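For the sequence shown, the tail end lands on 425 under this note's numbering, and the numbers increase by one without skipping. We treat Cβ as the ideally placed atom computed from N, Cα and C, and that holds for glycine. Every value quoted in this text rests on a predicted model; they were computed, and no experiment measured them. Read the structure below first, then the notes.
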Amino acid sequence: MNTFQFYSPTEFVFGKGTENKAGYYVKKHGGTNVLLHYGGGSAIRSGLLDRVKKSLDEENIVYTELGGVQPNPIDTLVYKGIEICRQKKIDFILAVGGGSVIDSAKAIAMGVPYEGDFWDFYCDKSPQVALPVATVLTIAAAGSEGSGDSVITKAEVGLKRGAGSDLIRPKFSIMNPELTCTLPAYQTACGATDIMAHVFERYFTNTTEVEITDRLCEAVLLTMIKETPRVIADPTNYEARANIMWAGTVAHTNIVGVGREQDWNSHGIEHELSALYDCAHGAGLAVIMPAWMEFVYKHNVLRFAQAAVRVWGCQMDFEQPENTAREGIIRFRSFLKSIGMPLTFAELGAREEDIPQLVEKFGIGNGKTGGFVKLSGSDIEQIYRIAVKPELINTPHL
28 MNTFQFYSPT EFVFGKGTEN KAGYYVKKHG GTNVLLHYGG GSAIRSGLLD RVKKSLDEEN
88 IVYTELGGVQ PNPIDTLVYK GIEICRQKKI DFILAVGGGS VIDSAKAIAM GVPYEGDFWD
148 FYCDKSPQVA LPVATVLTIA AAGSEGSGDS VITKAEVGLK RGAGSDLIRP KFSIMNPELT
208 CTLPAYQTAC GATDIMAHVF ERYFTNTTEV EITDRLCEAV LLTMIKETPR VIADPTNYEA
268 RANIMWAGTV AHTNIVGVGR EQDWNSHGIE HELSALYDCA HGAGLAVIMP AWMEFVYKHN
328 VLRFAQAAVR VWGCQMDFEQ PENTAREGII RFRSFLKSIG MPLTFAELGA REEDIPQLVE
388 KFGIGNGKTG GFVKLSGSDI EQIYRIAVKP ELINTPHL
């Protein structure tokens, strides 16, 4: 296990009706003049936004609304939010929504006190100060409610990039699983896929002797395998929703990733798909992550075989562990198919002829990227091509 530091200061407020105490927690964490940031339709139609505003009113907290966040949040709304915060002297940002809303709120939080362009933070610059952010979570997926990460798309050029800092970890996150019960099955499955991908990005590592985080990763994955079909079959299953919501947080606070090298190539490769085609991030990951696995599994067959046995219930082939490793990838694809996820470029709406453009926008030139396996531009191209027509897609296991 590698030396590590772990910092996770977020106060998690979990359970039914907790959104009605949003104002109390804003005041507790020092907020007096709030930007209330949200997406649109569902938060308004469900009455959630009104409940949050009522709780702010009860605490005599001033607020300014900024809605309109879209999936794969874009920089133009961030610029608008920064301008509003400066004009209104906002001192706290409350995000009501899922990962996209929270990511947008974090970008605004970094941009307000910064004299330059907030996009600098999505080009490897580190913020020195940021406004405090908090969340009322409405979808279990990105893990943004507990992470120091944010992903934004620069609309004019179609670039999707990430930023990270402990300064943008939420001060508190309100998590009521009931708020996820009205999600469509497809959106629920996209969120579940994202959660699993967050774990796999950490699980496939070159670091040895990390049994504790291996087992934590496996526990989250097994939870998702059990609970996702349950909520798709019965969207109102509160207990299953609760387990998934907390799994999403555990998956991305980094508690399952400390002390080990991580990869994150699958996320980077997928970001180019959702930037170009505006597809759901989880759907893109369903296409890319198994393709990445096919491309890299021979780098450490035994680690993939371990996942196959411990997570997917495969029997270990000690004579040819490669067979076990491949069976695990097959079962992962089978699971994704069973919950309604796309498995190929065509199902996602992506085009094979765009692959050179996707590789170019990935932007590594002649270099290499990644942790588990260092990938070149030509490697990334091959992963995209596997995703066009996966070798295992027509096997009898699916």
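Within 10 angstroms of the beta-carbon of residue 298 lie 16 or more other beta-carbons, which makes it buried.
The continuous beta strand (DSSP E) containing residue 64 extends over residues 60-65.
Residue state for residue 38 is assigned as strand, using DSSP reduced to three classes. With 16 or more other CB atoms across the displayed protein chains lying within 10 angstroms of its CB, residue 119 is buried. Taking 7 Å as the cut-off, the beta carbon of residue 88 is found closer than this to the beta carbon of residue 53. Runs of the alpha helix (DSSP H) lying entirely within the stretch 205-257 and spanning at least 4 residues, in chain order: 212-230. In this structure, the CA atom of residue 180 is about 47 Å from the CA atom of residue 346. Secondary-structure assignment with DSSP links residue 179 through a beta bridge to 188. With distances taken between CA atoms, residue 259 lies nearest to 219 out of 234, 219 and 274. DSSP places residue 141 in the coil class of the three-state scheme, outside both helix and strand. Going by beta carbons, residue 402 and residue 306 fall outside the 7 Å limit.
Residue 200 is a Cβ neighbour of residue 164, given a cutoff of 7 Å. Rounded to whole angstroms, the Cβ separation of residue 182 and residue 130 is 14 Å, and the two are not in contact under 8 Å. Residue environment for residue 244: buried (at least 16 other C-beta atoms within 10 angstroms of its C-beta). Under the criterion of beta carbons closer than 8 Å, residue 49 and residue 73 do not qualify as touching, at roughly 15 Å. In the DSSP annotation of this structure, the continuous segment of the beta strand (DSSP E) that includes residue 200 starts and ends at 199-202. The shortest CA-to-CA distance from residue 400 to any of 171, 127, 255 and 229 is the one to 229.
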